[in-house]
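Same order as they appear, the protein sequences are chains A and B. Under the numbering used here, the first residue of the first sequence carries the number 17, and numbering increases by one thereafter. Under the numbering used here, the first residue of the second sequence carries the number 17, and numbering increases by one thereafter.
There are 2 protein chains.
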Amino acid sequence: MEINEKLFKALANQTRLDILQWLKDPEKEITSVSCETVRYMMTEKGGICVQDIVKKAGLAQSTVSKYLSDLQDCGLLESERHGKWTYYRRNEANLQALAKLIATAL
Amino acid sequence: MEINEKLFKALANQTRLDILQWLKDPEKEITSVSCETVRYMMTEKGGICVQDIVKKAGLAQSTVSKYLSDLQDCGLLESERHGKWTYYRRNEANLQALAKLIATAL
DNA sequence: AGTAAATATCGACTTTTCTCGATTTATCGA
DNA sequence: TCGATAAATCGAGAAAAGTCGATATTTACT
Numbered sequence: 017m018e019i020n021e022k023l024f025k026a027l028a029n030q031t032r033l034d035i036l037q038w039l040k041d042p043e044k045e046i047t048s049v050s051c052e053t054v055r056y057m058m059t060e061k062g063g064i065c066v067q068d069i070v071k072k073a074g075l076a077q078s079t080v081s082k083y084l085s086d087l088q089d090c091g092l093l094e095s096e097r098h099g100k101w102t103y104y105r106r107n108e109a110n111l112q113a114l115a116k117l118i119a120t121a122l
Numbered sequence: 017m018e019i020n021e022k023l024f025k026a027l028a029n030q031t032r033l034d035i036l037q038w039l040k041d042p043e044k045e046i047t048s049v050s051c052e053t054v055r056y057m058m059t060e061k062g063g064i065c066v067q068d069i070v071k072k073a074g075l076a077q078s079t080v081s082k083y084l085s086d087l088q089d090c091g092l093l094e095s096e097r098h099g100k101w102t103y104y105r106r107n108e109a110n111l112q113a114l115a116k117l118i119a120t121a122l
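And the structure:
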């Protein structure tokens, strides 16, 4: 994790900020599938799949897919592929590292 | 201080990030005037004046002036006007508040 | 092999940001 | 009051980001 322009560019968009927040409490935020399904995805698959985030965001699939990889590229998200699905989750270690860096290095 | 798109947009530019860093240790970073002058500006005037930041940045005066007011608008900088000069300094309280918010609310 | 589904990538157009030079505003000193 | 200086604001053209629909890739299931 490091403080640079790319990182803050990723955060400089309301939808990408929203995605980070949704993934903080997905059982509450992701409503296109049941709460049980969300819990299963998070614990067994390691995240939320793209289509459920697309539904929540209300933007084109291509746009959301790009946003997710942008957030992964700068270390704020991580993902696991299981078959056809890619599951995205927050990279909590990097989010905490970022907070520390802002406190000390910004 | 609050986490929003505007704040991160302000941080999503290398020159604006640089300005924040320069103002962290201006005696070392600001070299268009003497070290004693920098110390005097910081302690007696409450910051570094625009023209010295313009020289350091190497961009047009209008651009840097805009950047400084952008950074002030989102709470990362504060300023004092003394006569013809406006002196900018970091808003350390808000920077620490931001770090805390990222650790807890992002 | 062939089809279908989920995601990723591409190309194009729109919107926003960057950046400048010119101008305006504010303040000082003669 | 006039001229000079510092900073802020304005308008315009260039560069970057946002966004979409179409297409490609990957994987699963017959």
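Idealized CB from N, CA, C, for every residue including glycine. All values reported here derive from a predicted model rather than from experimental measurement.
- [ ] Below 8 Å between beta carbons is the criterion; list the residues of the region 43-54 of chain A that meet it against any residue of chain B, in chain order.
- [x] none
Open item on the list: Any beta carbon from chain A within less than 8 Å of ILE118(B)'s own beta carbon?
Closed with: In the second sequence, counting from the first residue as 1, residue 118(B) sits at position 102. By this cut-off, ILE118(B) is an interface position.
Task: Cut-off 6 Å between Cβ atoms - residues of its own chain near SER48(A), not counting five sequence neighbours on either side - done: As a working mapping, residue 48(A) is identified with position 32 in the first sequence. Result list for SER48(A): ASP68 and LYS71, in chain order.
Open item on the list: Tell me which residues of the region 26-41 of chain B have at least one Cβ-Cβ distance to chain A shorter than 7 Å, keeping chain order.
Closed with: Those would be LEU27, ALA28, ASN29, GLN30, LEU33 and LEU36, in chain order.
Task: Among ASN20(B), LYS25(B), LEU122(B) and TYR104(B), nearest to LYS40(B) - alpha-carbon criterion - done: Locating residue 40(B) in the second sequence gives position 24, where the first residue counts as 1. The shortest C-alpha separation from LYS40(B) is found at TYR104(B).
TODO: Return helix, strand or coil for LEU92(A), following the three-state DSSP convention.
DONE: For the purposes of this step, residue 92(A) is taken as residue 76 along the first sequence, with counting starting at 1. If DSSP states are grouped into helix, strand and coil, LEU92(A) belongs with coil.
TODO: Report the neighbours of GLU21(A) on chain B: residues whose CB is nearer than 7 Å to its CB, in chain order.
DONE: Working through the first sequence from its first residue, we reach residue 21(A) at position 5. Simply ALA28, ASN29, GLN30 and LEU33.
Open item on the list: Let me check understanding here. Comparing Cα to Cα, which of ASN110(B), LEU87(B), THR102(B) and ILE35(B) lies closest to GLY74(B)?
Closed with: Mapped onto the second sequence, residue 74(B) falls at position 58. Checked all of ASN110(B), LEU87(B), THR102(B) and ILE35(B); the closest Cα to GLY74(B) is ILE35(B).
Task: Neighbour-count burial assignment, ALA76(B), 16 or more Cβ in a 10 Å radius - done: Translated into the one-based positions of the second sequence, residue 76(B) becomes position 60. With fewer than 16 Cβ atoms within 10 Å of its Cβ, ALA76(B) is classed as exposed.
Open item on the list: I'd like to know if GLN112(B) contacts chain A, where contact means its C-beta is closer than 8 Å to some C-beta of that chain.
Closed with: Position 96 of the second sequence, counted from the start, is the residue given in the question as residue 112(B). For GLN112(B), the answer is yes, since a Cβ of chain A falls inside 8 Å of its Cβ.
- [ ] Specify the secondary structure class of ILE64(B) as computed by DSSP and reduced to three states.
- [x] Along the second sequence, read from residue 1 onward, the residue named residue 64(B) stands at position 48. Three-state result, ILE64(B): strand.
TODO: Starting from the Cα of GLU94(B), find the closest Cα among LEU111(B), LYS100(B), SER78(B) and ARG55(B) and give me that residue.
DONE: Taking the second sequence and counting its residues from 1, one reaches residue 94(B) at position 78. The shortest Cα separation from GLU94(B) among LEU111(B), LYS100(B), SER78(B) and ARG55(B) belongs to LEU111(B).
Task: Span of the alpha helix (DSSP H), counted from its first residue to its last, around THR59(B) - done: Walking along the second sequence from the start, residue 59(B) turns up at place 43. In the DSSP assignment, THR59(B) falls outside any alpha helix (DSSP H) and carries neither an H nor an E.
Task: Whole-angstrom distance between LYS22(A) and ILE64(A), CA atom to CA atom - done: Locating residue 64(A) in the first sequence gives position 48, where the first residue counts as 1. Locating residue 22(A) in the first sequence gives position 6, where the first residue counts as 1. For ILE64(A) and LYS22(A), the distance between alpha carbons rounds to 24 Å.
Open item on the list: Using the three-state DSSP reduction, which class does THR102(B) fall into: helix, strand or coil?
Closed with: Working through the second sequence from its first residue, we reach residue 102(B) at position 86. Correct three-state label for THR102(B): strand.
Open item on the list: Given this structure, state the Cα-to-Cα distance separating GLU96(B) from ALA109(B), to the nearest angstrom.
Closed with: Here residue 96(B) corresponds to residue number 80 of the second sequence, with the count starting at 1. Here residue 109(B) corresponds to residue number 93 of the second sequence, with the count starting at 1. Roughly 17 Å separates the two Cα atoms.
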